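Asker:
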Amino acid sequence: MEESTRRSLEELSAEVASNPNSTAFVELAAAYRARGDLERAMRLCLRGLQRHPTHVEAHFELGRIYEARGERELALDEWGVVLQLAPEHLNTRLTLVRLYLDEGRQSDATAELERAETIAPGDPRLNEFRGLLDSGLAPPEAEGESGNGRGHVFESLGEDHPGTLGILLVDAEGEIIESHMPAENGDVQAALGTDLIEARAEAERVASYLQLGELKGMVVESKSARLTVSPVGRDVVIVATRTDLPAGQAALVVQRAWDLAESYLSNLNR
Amino acid sequence: MDTGYGDLLADVMKQPGVRGALVVAVRDGLVVDGRVHVGVRGDAAAALAAALFRRARQATSNGEGRIRFVEVDAEQGRIMMAGPEAVALLAVLETRANPGQVRLAVRRAADELAAMEGAK
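As given, the protein sequences belong to chains A and B, one line each in that order.
Under full-length UniProt numbering, the first sequence has 240 at position 240, and the numbering climbs by one with no breaks.
Under full-length UniProt numbering, the second sequence has 113 at position 113, and the numbering climbs by one with no breaks.
#1: Are the CB atoms of VAL23/B and LEU89/B within a distance shorter than 8 Å?
#2: Quick check: the stretch 76 to 96 of chain B against the stretch 212 to 228 of chain A, are there 3 or more CB pairs under 8 Å?
#3: Contact between the stretch 158 to 178 of chain A and the stretch 231 to 248 of chain A is defined here as three or more beta-carbon pairs at a separation below 8 Å; is this criterion met?
#4: Can you tell me which of the three DSSP states residue 311/A falls into?
#5: Please tell me whether VAL219/A has its Cβ less than 8 Å away from any Cβ of chain B.
#6: GLN211/A versus chain B: which residues are under 8 Å apart at the beta carbon?
#7: Going by the beta-carbon positions, is the gap between VAL97/A and PHE60/A smaller than 8 Å?
#8: Who are the neighbours of GLU71/B on chain A, taking C-beta pairs under 9 Å?
#9: Rounded to a whole number of angstroms, what is the C-alpha to C-alpha distance between ASP43/B and VAL232/A?
#10: Could you give the uninterrupted runs of the alpha helix (DSSP H) lying entirely in the UniProt domain "Roadblock/LAMTOR2" (5 to 94) of chain B, keeping only those of 4 residues or more?
#11: Using 8 Å for Cβ pairs, my map puts LEU104/B next to GLY17/B. What's the rounded Cβ distance?
#12: Can you name the start and end residues of the alpha helix (DSSP H) that LEU210/A belongs to?
#13: In angstroms, rounded to a whole number, what distance separates the CA positions of LEU9/A and SER18/A?
#14: Looking at the strands, I want to know which residues DSSP matches up with SER222/A.
#15: Hey, LEU62/A and GLU78/A: beta-carbon distance below 8 Å or not?
#16: Taking buried to mean at least 16 other C-beta atoms within 10 Å of its own C-beta, is HIS37/B buried or exposed?
#17: Going by the DSSP bridge assignment, what does VAL239/A pair with across the sheet?
#18: Count the other CB atoms, across all protein chains shown, that sit within 10 Å of the CB of GLU155/A; report buried if there are 16 or more and exposed otherwise.
#19: Decide if THR95/A is buried, meaning its Cβ has at least 16 other Cβ atoms within 10 Å, or exposed.
#20: Under 7 Å Cβ-Cβ, which residues of chain B neighbour GLU205/A?
#21: Considering only C-alpha positions, which residue in the set ALA114/B, ALA21/B, THR3/B is nearest to ALA91/B?
#22: Whole angstroms is fine: what's the gap from SER230/A's alpha carbon to GLY248/A's?
#23: Please classify THR228/A: is it buried, with 16 or more other beta-carbons within 10 angstroms of its beta-carbon, or exposed?
#24: Please check if any C-beta of chain A sits within less than 8 Å of the C-beta of LEU52/B.
#25: Which one or two residues does DSSP pair with GLU178/A in a beta bridge?
#26: Which of the three DSSP states, helix, strand or coil, is assigned to LEU12/A?
#27: Counting along the chain, where does the alpha helix (DSSP H) carrying ASN91/A start and finish?
#28: Give me the DSSP bridge partner(s) of GLY217/A.
#29: Does any residue of chain A have a CB that is nearer than 8 Å to the CB of VAL58/B?
#30: What whole-angstrom Cβ distance do ALA199/A and LEU52/B have, given they're in contact under 8 Å?
#31: In chain B, which residues lie with their C-beta within 7 Å of the C-beta of ALA199/A?
#32: Using the C-alpha atoms, what's the distance from ALA203/A back to ALA49/B?
#33: Using a Cβ-Cβ cutoff of less than 6 Å, which residues in the same chain neighbour ASP171/A once the five nearest sequence positions on both sides are dropped?
#34: Return the first residue and the last residue of the alpha helix (DSSP H) that GLY48/A is part of.
#35: Just to confirm my understanding: we take VAL253/A, look at its own chain, exclude 5 residues before and 5 after, and list those with CB closer than 7 Å. What are they?
#36: Cα separation between GLN101/B and ILE197/A?
Shown next, in the form of C-alpha cells:
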C-alpha cells in the first residue's frame, strides 16, 4: 500500500516535472495532502493555478488543503471561486454541507443540500447528509450567546433559570461535547472540563475505597458558584449555579440538564 | 495529644449516619485528628479525599474562586469535605444519614476550623 502510494507520487511528480502545463498537479497535490504534507501540497496547487487560473478542480483541491491547515476562511474563498466557475460542482456543494453540519449551521446546510439535490438527485451521498439533517444528529447552530459554536442543547435552561451560570457536557477525556456558558471563554471551559473529569476520577477512587458503591454525582462549591458534576454514562454534565440559588431550584436545573444531556447523547449514539 | 479539634469533630460525629469525621491536611492528605467507626480506614480515606479536594480546587482556580465545599454522592453513602486553606474537615456518611443536616454540621465545623486556623 505504502509502495503503491509512493510509486503513484513518483509518477505524478515525473509528469508535473516533465510538463509544466500538465494538470496532474491537482492529483499530486491531493496525494501530498493525503500524506499530510500540506505545505508542499499548497505550494504545488498555487503554482499550478498560476498557469491554470480557472481550473475548477485545482481551486477545489486548494480549498481542501486550506481546510486541512485549519484556514477555514481561505478554504471558503477557494470553494466560492469553484462555485463561480462551476455552480453545479457537486463535491463543493457537499463539502459545504459537511462544513455547515460540522459548524452546527443546519439551515445553511439544508439550503446547500437542496441545491446539491437539484444537481445530482440520485447521488447516494445526498441520502447520508439528508439522514443526518433529518435525525437532528448535526451539532446545533453556531450562532448564539454562548459565543463558542455550542450551547443550543442547554440554552433554554439558562433562560428559564437565571441563577444558572453555565452548563458543560464533557466526555471521558475531558473534551467538551456541548456547552452553554456565556460568561466564560473556551480555554476556561476546557480547563474546567478537564480538571473536573479528573476530579470525578478522584471521587470514584474515594467512593470505591470507602465501599460507597457507584458514583452518583459530585458538588464543588466556592463562595460564588456551585458546580454539580453528574455522570451520564461515561460522560459528565457539569452545571454551574450561583450559590444563592435555592437548593430546590438548583436541583431542578441539574436534573433538567441531565435529562437534556442524556437525550442528546442517546440521539448521537442511535 | 489534644489537637483542639475534638469538639468540632464530636459535633459532626453525633449526626446520625456519620461513620467518620477527620481533620485533614489538604496538601499531603495526612490526618491531623479524627474519629472513625470500626471499618473506616481514616488515613487512606483522608489521603484520597485530600487529592480530590486539591483537584477540585484546581478546577475552580480559573474563575470560580477558592472552593469551600466538596461533596461526593455515591450509591452506598457520601463524603463531604469543607475547609479553609491548609486543613479541611472530612465526613463519611452512610445512606441513612440526612445529607442536609450533616452538610450544615460540616459547614459549621469548617467555619470553626477556619477561625481556629486564623487564630494560630
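Ideal Cβ placement from N, Cα and C applies to all residues, glycine included.
Quantities reported herein were computed from a predicted structural model and do not represent experimental measurements.
Answerer: In short:
#1: In contact: LEU89/B and VAL23/B (Cβ atoms closer than 8 Å).
#2: When C-beta atoms of the stretch 76 to 96 of chain B are compared with those of the stretch 212 to 228 of chain A, three or more pairs fall below 8 Å, so the two segments count as touching.
#3: Contact between the stretch 158 to 178 of chain A and the stretch 231 to 248 of chain A is present, because at least three Cβ pairs lie under 8 Å.
#4: This structure does not reach residue 311/A, given that chain A is present from 1 up to 270, and the question cannot be answered.
#5: Between VAL219/A and chain B, the shortest Cβ-Cβ separation is below 8 Å.
#6: Correct list: GLN76.
#7: Going by C-beta atoms, VAL97/A is not nearer than 8 Å to PHE60/A.
#8: Chain A residues near GLU71/B: GLY217, MET218, VAL219, VAL220, GLU221.
#9: Near 31 Å, if we compare the C-alpha coordinates of VAL232/A and ASP43/B.
#10: Complete alpha helix (DSSP H) runs here, min 4: 6 to 13, 42 to 60.
#11: In fact, because the Cβ distance is near 14 Å, the residues do not count as touching under 8 Å.
#12: Careful: LEU210/A lies outside any alpha helix (DSSP H) and carries neither H nor E.
#13: Rounded to whole angstroms, the gap between the alpha carbons of LEU9/A and SER18/A is 14 Å.
#14: SER222/A is bridged to ILE67/B.
#15: Yes, these two residues count as a Cβ contact at 8 Å.
#16: Burial check for HIS37/B: the Cβ neighbour count within 10 Å stays below 16, so the residue is exposed.
#17: Its beta-bridge partners are ILE167/A, THR228/A.
#18: Classified as buried, GLU155/A has 16 or more neighbouring CB atoms from the shown chains inside 10 Å of its CB.
#19: Result: buried.
#20: Reading off the sequence, residue 205/A comes out as Arg, not Glu. Residues of chain B passing the Cβ test: LEU48.
#21: Relative to the Cα of ALA91/B, the nearest Cα in the group ALA114/B, ALA21/B, THR3/B belongs to ALA21/B.
#22: When the Cα atoms are used, SER230/A and GLY248/A turn out to be separated by approximately 16 Å.
#23: Classification for THR228/A: buried.
#24: Cβ-Cβ to chain A under 8 Å: yes for LEU52/B.
#25: According to DSSP, GLU178/A bridges with LEU169/A.
#26: Per DSSP, reduced to three states, the secondary structure at LEU12/A is helical.
#27: That run of the alpha helix (DSSP H) goes 90 to 102.
#28: According to DSSP, GLY217/A bridges with ASP73/B.
#29: In the sequence as displayed, the identity of residue 58/B is Gln instead of Val. Closer than 8 Å to some Cβ of chain A, the Cβ of GLN58/B qualifies, so yes.
#30: 6 Å between Cβ atoms; contact.
#31: In chain order: LEU52, ARG55, ALA56, ALA59.
#32: CA-to-CA, the gap between ALA49/B and ALA203/A works out to about 8 Å.
#33: Only ILE177, ASP235 meet the Cβ criterion.
#34: For GLY48/A, the enclosing alpha helix (DSSP H) begins and ends at 38 to 51.
#35: Only LEU157, HIS161, THR164, VAL239, THR241 meet the Cβ criterion.
#36: Taking the straight line from one Cα to the other gives about 28 Å.
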